[in-house]
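All residue numbers for the sequence shown refer to our numbering, where the first residue is 1 and numbers rise by one. Cβ coordinates follow ideal geometry from the N, Cα and C atoms, glycine included. On a predicted model such as this, the values are computed, not experimentally measured, just so you know. These notes are about the structure you will find just below.
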Amino acid sequence: NRSINRSMNFIDHFDSVLSLSEGEVPVCTGCMKQVEGDKLKSCSGCFKAKYCSRACQKRHWKMHKKVCSDAKTLRFNAADRVRIAVGGEWDPWKKGTIIGLYIHNSPYSIMCDDGALHKAPEDSDTFIQKLDDEAFVICNKDGAPLTPIPVPPSPAEVRAAELRDEALFKEAPPEDDCPLCGLRFPMKSETIYLKCCGRKLCIGCCGLNLNRCPFCKEDLQMVTDPVRRLEERIENCDDGREIMAAHMLAIEYDIGQNVPQDSQRAHQLWVRAAAMGSRDAHYNLSQSYGKFHKERGVEKDDKKELYHLEEAAMLGDAASRCELGIYEGDRGNWDQAKRHWMLSASAGCEGCLYTIKRGLQKGVVSEGEYKKTLRDYEESIKLTKSLQRVVGKHILGKHIKFGPGGVNTL
């Protein structure tokens, strides 16, 4: 095929440059002087040309760079028959078939005839040698062994991944309703957590009850010993308030509010809250394993970061859904990114709606998809709007304390 013919042309040209046959004394590619032993140094680009000195290599570079460049850009195709050097040895060889190509067609996944599966190293294209008319050898530049790659997933694993994908793009449960006005809670920025009794109110109802909690009748401006209350709530409540209490206590330790700052303790509480089903805790854990891992003393882990983002999104967190769209977009998975942004916009995220609108202008979102997303967005906003909330937002503007993970207090 075309790639092998190109490889052959390169090898033939390279052999003519070296002008060596088996058994002859090695010569410098630049000055053609014979050099005994292993004093010749190989070119770090192609590992074919050999030179007696650095100066000789520099003088010969103008002639050699074209050949060296060709060596670096050789590519194979899937289904090509190859021989690979396993364990850094040129002999014995293993014959196999390329079954997969990765970024920029390199490295290669190779299935050997004996059933062993190997992954060619990143720099495998820099060391290619013609063996015969049938095959070439792929090996990294210093002869290191090829790295084995995992066996392909089993049918059960494939099915589990499919079920996970279905759950990820299933429409998330809607927000809870405010216990006072009965309207659906709006986005996080307009939901208030009451430290006195551990309940949530919308910004409208909180504006009407600025000085006194409508549930426990305690003065909202004079809440004492909030940390102790949160700890008791975690241990004693079983009505759902313990979940938010664990998340809120984690925030206290994370920012050092009312307690000495302790990032490890905050991380442990978020893990506990996430296990109880807190989407806010899942979101904060994704940040801990991602961009805030240094500040929180956690080892960076991309897999855990993605896992907790997905868990938060499946529980209805629009911000996590939006970040998943960015994650997929950065990797070129535009269909996946679009689906995430559409779901987030349908839940009331104005930023994701704008992104979908831009996608329509660019031609990557259809008119029907945009109209459906806009309709869902407007319906979601309609269920959360009221004059009382507009007034409450105006009244509480200076009193709200915004916390990490979207939890706001007075």
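- With three or more CB-CB distances shorter than 8 Å, the segment 243-250 counts as touching the segment 267-286.
- Check the Cα spacing between Arg199 and each of Lys338, Glu242, Lys62, Ala161: the tightest is with Glu242.
- In the DSSP assignment, Cys205 falls within the unbroken alpha helix (DSSP H) covering 203-208.
- With a beta-carbon spacing of about 14 Å, Leu194 and Gly392 fall beyond the 8 Å limit used to define contacts.
- For Gln34, the three-state secondary structure derived from DSSP is strand.
- Contact between Lys372 and Gly359 fails: their C-beta atoms lie close to 13 Å from each other, not under 8 Å.
- Collapsing the DSSP output to three states places Met111 in a strand.
- With 16 or more other CB atoms across the displayed protein chains lying within 10 angstroms of its CB, Ser320 is buried.
- Two segments are said to touch when three or more pairs of C-beta atoms, one from each, lie closer than 8 Å; by this definition the segment 294-308 does not touch the segment 151-164.
- Between Arg184 and Leu387 the beta-carbon gap is near 16 Å, outside 8 Å, which marks them as no contact.
- Going by beta carbons, Arg212 and Leu201 fall outside the 8 Å limit.
- For His118, the enclosing beta strand (DSSP E) starts and ends at 117-119.
- The beta carbon of Glu310 is closer than 6 Å to those of Leu168 in its chain, skipping five residues each way along the sequence.
- When rounded, the separation of the alpha-carbon atoms in Arg375 and Ser346 is 8 Å.
- According to DSSP, residue pairing for Tyr370 in a beta bridge does not occur.
- The beta carbons of Ile326 and Gly348 sit about 18 Å from each other, so the pair does not count as a contact at 8 Å.
- DSSP lists Ile110 as the beta-bridge partner residues of Ile98.
- Approximately 7 Å separates the beta-carbon atoms of Lys50 and Cys28; this is inside 8 Å, confirming the contact.
- Counting along the chain, Thr29 sits inside no alpha helix (DSSP H), nor does DSSP assign it H or E at all.
- Residue range 350-362 is occupied by the alpha helix (DSSP H) that includes Thr355.
- The shortest C-alpha to C-alpha distance from Asp176 to any of Gln34, Trp341, Gly240 is the one to Gly240.
- Within its own chain, the residues whose Cβ lies closer than 6 Å to the Cβ of His340, once the five positions on either side in sequence are excluded, are Arg321, Leu324, Gly325, listed in chain order.
- For Ile395 against Leu210, the beta-carbon gap comes to about 7 Å, under 8 Å, which counts as contact.
- In this model, Lys119 and Ile255 are separated by some 45 Å (Cα to Cα).
- Short of 6 Å from the beta carbon of Leu269, and not among the five residues preceding or following it, lie these beta carbons of its own chain, in chain order: Ala246, Leu249, Ala250.
- Contact check for Cys178 against Cys205 passes: the beta carbons are separated by less than 8 Å.
- Contact between Tyr253 and Ala266 holds, since their C-beta atoms are separated by about 4 Å, short of 8 Å.
- No residue range can be given for Thr384, since it is assigned to no beta strand (DSSP E) and is classified by DSSP as neither H nor E.
- Under the 10 Å beta carbon count, Ser366 is surrounded by fewer than 16 other beta carbons and is classified as exposed.
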